[in-house]
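Novice: Sending over a structure as structure tokens; questions will come in a sec.
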Amino acid sequence: MNSVHPTMIGRDRQPRRPRPSVLMLLFLIPVVAVACASANPIIMGSKKFTESYVLGEIARRTLIDAGIPAEHRQGMGGTIILWQALRGGQVDAYPEYTGTIAQEILKIDHELSLDEIRNALGKFGVGMTEPLGFNNTYALVMRRGEAQRLGVRTISALRKYPELRVGLTHEFLDRQDGWRPLRERYALPQQNVVGIDHALGYSALANGSIDVKDAYSTDAKIGQNDLVALEDDLQFFPKYEAVFLFRSAMRADAIAALRRLEGTLDEKRMIRLNAEAERTKNYTRAANLYFQGSIGSKNAVGESFPHKLARWTLRHLQLAGFSLLLSVVFGIPLGIVASRGGALGHGILGFAGVMQTIPSLALLALLVPLPFFGISARTAIAALFLYGLLPIVRNTASGLQDIPRSLRESAVALGLSPVVRLCEIYLPMASRSILSGIKTSAVINIGTATLAALIGAGGLGEPILSGLNLNDHVTILQGAIPAAVLALLVQWLFDLLDRVLIPKGLRI
Amino acid sequence: MSALVKLVDVSKRYADAPALHPTNLSIERGKITVLIGPSGCGKSTLLRLIIGLIEPDSGSIKFDGESITPDNIDVLRRRIGYVIQEGGLFPHLTSRANVLLMARRVGKSQEEMQRRLLELCKLTRFSDQLLPRYPVELSGGQRQRVSLMRALMLSPELLLLDEPLGALDPLVRASLQKDLKEIFARLRQTVLFVTHDLAEAIYFGDEIVLMNEGRVVQKGSVTDLREKPADPFVSEFINAQRGVGLT
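As you go down the protein sequences, you meet chains A and B in turn. Using this note's numbering, the letters of the first sequence correspond one by one to residues 289 to 796. Using this note's numbering, the letters of the second sequence correspond one by one to residues 73 to 319.
The following block contains the structure:
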């Protein structure tokens with residue numbers, strides 16, 4: 289990258305080329321901030337539903353009270369994502385359920401004893417605590433009034449009502465012990481089955497757009513929404529005892545601290561903690577109920593909103609900024625090559641085009657299993673980078689191609705070398721188009737970066753996601769509004785940059 | 073009298089249509105040679121071959137005794153000035169920056185460039201007050217003057233002009249014709265001038281080269297063309313232009 293020689297901006301305004309270094313600096317600030325992250329705390333993970341958040345928070349608090357630095361990555365995703373993160377070392381421990389371990393992780397379709405499970409996990413370098421004290425199995429729930437009207441108390445009774453609409457979480461739809469075998473065991477006739485987010489499913493159930501949904505038996509929503517859990521009269525669902533899984537390599541005092549939680553949470557208590565979490569939208573506070581008598585300790589105090597907002601926003605800017613920087617660094621040279629046409633040029637434009645047609649969520653999901661990526665900010669940045677490539681490559685290529693042939697030939701006829709022609713004539717002439725490509729890319733990135741929260745990379749997607757899980761609009765807006773404002777600010781910033789970076793002769 | 077540029081059996085095809093049949097031509101030093109002919113006769117192709125924008129399919133082009141090759145073309149281009157109909161000025165650079173573009177690259181000193189710039193302003197009758205302006209802020213005639221200054225900046229041995237006045241309105245065109253003729257005379261400049269206008273060719277040309285369908289039909293003074301036409305096409309071309317109001 290060229291640096292700007294101060295004398296070049298002198299009186300005669302001679303080669304007024306765009307100054308990439310200004311842009312570079314702008315984007316480097318957040319990158320440096322990432323690099324200065326803290327040492328090596330124990331990383332707790334959790335799945336994206338209330339109980340998992342609360343358990344993760346209890347574990348974090350327990351570790352910290354034992355003098356062990358710990359962080360909690362909330363709501364990173366489903367079972368497979370957490371399991372891979374645990375094996376890949378991106379998290380050190382997370383709450384899990386014995387039934388899920390047997391069915392989803394070990395892929396064994398009969399019930400296993402705790403020792404069998406523990407032995408099997410040992411081969412992966414993963415340890416398991418004893419049960420925490422409650423069984424959170426799956427259940428099918430209905431509106432109490434509807435169930436009473438139809439006289440449905442058991443899952444078997446659903447056979448008589450094929451017209452009932454079923455809304456299930458995507459995980460339950462796909463699980464080995466999920467909908468498909470359940471339907472077979474009970475010979476359920478319902479055809480109208482849709483996949484729906486867990487929290488949104490409760491709204492759908494309440495407003496009558498679905499009649500039956502899956503739930504966890506300790507889910508506080510069951511009582512709150514006046515729902516009934518149907519009896520599993522054929523004993524289909526295995527036991528789901530809550531435990532913590534941890535990496536066997538985790539420090540011994542951290543393992544010991546987690547083990548102190550064994551057998552300390554019964555079902556009633558867990559339901560109460562879940563209810564508290566949903567009522568206050570504050571997992572830290574709900575977790576505190578577990579530590580009765582010690583409320584008010586320093587670690588227990590929830591983060592203030594401005595502080596959280598600053599953290600989300602900074603992280604958001606880091607994700608969007610760093611990925612944009614990569615898109616610019618790779619996109620402009622690729623655009624230059626693409627502008628020359630030929631098989632290579634078409635190939636580049638085609639690749640960038642395909643990248644953008646992949647839904648961003650799918651792109652994230654595709655990157656997660658790859659060795660270098662996993663559950664991390666790296667994955668989010670890589671996905672955003674690929675996503676932001678097309679506008680920059682395409683605008684660089686078209687900006688260069690739009691330069692009239694007579695002007696290209698004039699540059700050649702003057703005897704300017706190819707490098708000078710590119711840097712001093714062609715790129716400045718294409719600067720408007722290139723900058724507008726970067727602007728498009730930046731705005732897309734700010735929006736798409738909200739999805740990064742799905743893989744635990746943080747940012748303003750974090751409140752949107754937990755708001756979605758809790759069906760809490762205020763929390764959703766806490767992320768959505770700042771993200772929209774950020775996109776507008778970025779747009780405005782680039783409009784300003786246009787004035788600095790586009791040569792004056794092209795703006796008159 | 074020696075030739076500055078010598079074309080020997082030079083030919084060029086575009087796709088499957090011949091643009092220039094094997095052609096021999098010499099451009100004499102200190103003279104103004106005008107290439108004239110109808111559109112598509114190959115006159116611009118000939119010019120573009122000399123400045124190396126395209127390469128010949130056969131034959132050789134010598135500049136000052138040296139064969140033009142891809143290796144030496146960039147150095148030779150500094151000894152050739154080139155002006156096109158649209159001016160070819162870069163819109164993101166001021167007039168001044170356009171003129172000085174190449175001089176900066178070859179490492180001329182500030183004083184030297186400034187002196188030459190003012191000299192050229194005087195020569196081309198371009199107000200130095202207008203130098204900080206961008207091309208869009210200039211009239212068509214002013215733009216061609218800047219373009220000419222840029223071509224003359226490094227005192228080239230050869231000046232190539234491809235219909236430089238073609239896009240100007242008649243009044244501006246007349247005044248620029250007059251100025252150009254004075255400039256060429258004062259500099260004793262070797263010029264290769266492409267036009268399709270016979271009056272302009274007669275006004276400038278020491279030597280007129282009439283082209284048709286990719287071939288040189290006749291080369292000589294206007295009197296030669298008029299009185300000793302080499303081909304019926306020559307008379308036809310001259311009479312057609314006379315009909316449009318040639319004196």
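Even glycine gets a Cβ: it sits at the ideal position worked out from N, Cα and C.
Among A:GLN478, A:VAL500, A:GLU339 and A:LEU607, whose alpha-carbon lies nearest the alpha-carbon of GLY735 of chain A?
Specialist: Nearest C-alpha to GLY735 of chain A: A:LEU607.
Novice: Can you pull the chain A neighbours of HIS164 of chain B, defined as C-beta to C-beta under 7 Å?
Specialist: Per Cβ cutoff of 7 Å: ARG304, PRO716, MET717, PRO791, GLY793 and LEU794.
Novice: Report the neighbours of GLY755 of chain A on chain B: residues whose CB is nearer than 8 Å to its CB, in chain order.
Specialist: Under the 8 Å cutoff, chain B gives no residues; its nearest Cβ is about 48 Å from GLY755 of chain A.
Novice: Counting along the chain, where does the alpha helix (DSSP H) carrying LYS250 of chain B start and finish?
Specialist: Here the alpha helix (DSSP H) through LYS250 of chain B covers 242-259.
Novice: Note the first and the last residue of the continuous beta strand (DSSP E) segment covering PHE534 of chain A.
Specialist: It spans 530-535 - the beta strand (DSSP E) in which PHE534 of chain A sits, taken as one unbroken run.
Novice: Please state whether the Cβ-Cβ distance between GLU339 of chain A and PRO526 of chain A is less than 7 Å.
Specialist: Cβ atoms of GLU339 of chain A and PRO526 of chain A: not closer than 7 Å.
Novice: Kindly indicate the opening and closing residues of the beta strand (DSSP E) around SER130 of chain B.
Specialist: Element bounds for SER130 of chain B: 130-135.
Novice: What residue from A:MET364, A:THR388, A:GLN391 and A:ILE389 has the CA that sits closest to VAL379 of chain A's CA?
Specialist: The shortest C-alpha separation from VAL379 of chain A is found at A:MET364.
Novice: Among A:ALA685, A:GLU519 and A:MET416, whose alpha-carbon lies nearest the alpha-carbon of GLY630 of chain A?
Specialist: Out of A:ALA685, A:GLU519 and A:MET416, A:ALA685 has the C-alpha closest to the C-alpha of GLY630 of chain A.
Novice: Tell me which residues share the same chain as SER74 of chain B and place their Cβ nearer than 7 Å to its Cβ, disregarding the 5 neighbours each side in the sequence.
Specialist: For SER74 of chain B, where only same-chain residues beyond five positions count, the Cβ hits under 7 Å are ARG101.
Novice: Using a Cβ-Cβ cutoff of less than 6 Å, which residues in the same chain neighbour LYS115 of chain B once the five nearest sequence positions on both sides are dropped?
Specialist: Counting only Cβ-Cβ distances below 6 Å, and skipping sequence neighbours, we find LEU107, GLY109, VAL266 and MET283.
Novice: Would you kindly work out how many angstroms separate the C-alpha atoms of PHE276 of chain B and MET185 of chain B, rounded to a whole number?
Specialist: Whole-angstrom Cα-Cα distance: 30 Å.
Novice: Where does PHE593 of chain A land, buried or exposed, given buried means 16+ other C-beta within 10 angstroms?
Specialist: PHE593 of chain A is exposed by the Cβ-count criterion.
Novice: Mapping the DSSP letters down to three states, classify GLU279 of chain B as helix, strand or coil.
Specialist: GLU279 of chain B: strand per DSSP, three-state reduction.
Novice: Is any beta-carbon of chain B found at less than 7 Å from that of LEU723 of chain A?
Specialist: False, the Cβ-Cβ gap to chain B never drops below 7 Å.
Novice: In terms of residue numbering, what span does the alpha helix (DSSP H) encompassing GLU472 of chain A cover?
Specialist: That run of the alpha helix (DSSP H) goes 467-474.
Novice: Identify the continuous alpha helix (DSSP H) that holds ASP690 of chain A and give its terminal residues.
Specialist: Element bounds for ASP690 of chain A: n/a, residue is neither H nor E.
Novice: Nearest to GLY657 of chain A by CA position, among A:LEU374, A:ALA737 and A:TYR426, is which residue?
Specialist: According to the sequence as given, residue 657 of chain A is Pro; it is not Gly. Nearest C-alpha to PRO657 of chain A: A:LEU374.
Novice: Assuming VAL218 of chain B and SER293 of chain B make a contact with CB atoms under 8 Å, what is their CB distance in whole Å?
Specialist: Not quite, the Cβ-Cβ distance comes to about 33 Å (not below 8 Å), so this is no contact.
Novice: Between A:ALA565, A:VAL700, A:ALA740 and A:GLY687, which has its C-alpha nearest LEU715 of chain A's C-alpha?
Specialist: Nearest of A:ALA565, A:VAL700, A:ALA740 and A:GLY687 to LEU715 of chain A, Cα basis: A:GLY687.
Novice: Okay, do the segment 412-424 of chain A and the segment 533-547 of chain A touch, 3+ Cβ pairs below 8 Å being the bar?
Specialist: Yes, the segment 412-424 of chain A touches the segment 533-547 of chain A.
Novice: Span of the alpha helix (DSSP H) holding PRO770 of chain A?
Specialist: From DSSP, the alpha helix (DSSP H) with PRO770 of chain A extends over 761-789.
Novice: Are the beta-carbon atoms belonging to ARG691 of chain A and MET717 of chain A less than 7 Å from one another?
Specialist: According to the sequence shown, residue 691 of chain A is Ile rather than Arg. Yes, the pair counts as a contact, with Cβ atoms nearer than the cut-off.
Novice: What residues in the segment 603-629 of chain A have a beta carbon less than 7 Å from any beta carbon of chain B?
Specialist: The residues in question: there are none.
Novice: Would LEU107 of chain B count as contacting chain A if we go by Cβ distances under 7 Å?
Specialist: Answer no: the Cβ-Cβ gap between LEU107 of chain B and chain A never drops below 7 Å.
Novice: Is the CB of TYR154 of chain B under 7 Å away from at least one CB in chain A?
Specialist: Yes, because at least one Cβ of chain A sits closer than 7 Å to the Cβ of TYR154 of chain B.
Novice: Please classify ALA670 of chain A: does DSSP put it in a helix, a strand, or coil?
Specialist: Reduced to three states, the DSSP call for ALA670 of chain A is helix.
Novice: List the residues of chain A whose Cβ lies closer than 7 Å to the Cβ of ARG177 of chain B, in chain order.
Specialist: Here the neighbours are LEU704 and VAL708.
Novice: Can you give me the C-alpha to C-alpha distance between ILE743 of chain A and ALA668 of chain A, rounded to a whole angstrom?
Specialist: Each residue's alpha carbon lies about 8 Å from the other.
Novice: Show which residues of chain A have a CB atom less than 7 Å away from the CB atom of ILE58 of chain B.
Specialist: Because chain B here runs from 73 to 319, residue 58 of chain B falls outside it and cannot be looked at.
Novice: Just to confirm before moving on: does the CB-CB distance between ASN576 of chain A and THR506 of chain A stay below 7 Å?
Specialist: No.
Novice: Could you tell me how far apart the beta carbons of GLY747 of chain A and TRP600 of chain A are, in whole angstroms, since I believe they sit closer than 8 Å?
Specialist: Their Cβ separation, rounded to whole angstroms, is 6 Å, which keeps GLY747 of chain A and TRP600 of chain A in contact under 8 Å.
Novice: Please decide whether TYR86 of chain B counts as near chain A, where near means a Cβ-Cβ distance under 7 Å.
Specialist: TYR86 of chain B does not count as touching chain A.
Novice: Let's see if you can read the secondary structure: which residues bound the alpha helix (DSSP H) around ARG348 of chain A?
Specialist: That run of the alpha helix (DSSP H) goes 338-353.
Novice: Any C-beta of chain B sitting closer than 7 Å to the C-beta of ILE713 of chain A?
Specialist: Closer than 7 Å: yes.
Novice: Is there a Cβ of chain A sitting closer than 7 Å to that of PRO149 of chain B, yes or no?
Specialist: Strictly speaking, residue 149 of chain B in this sequence is Arg, with Pro absent from that position. Closer than 7 Å to some Cβ of chain A, the Cβ of ARG149 of chain B qualifies, so yes.
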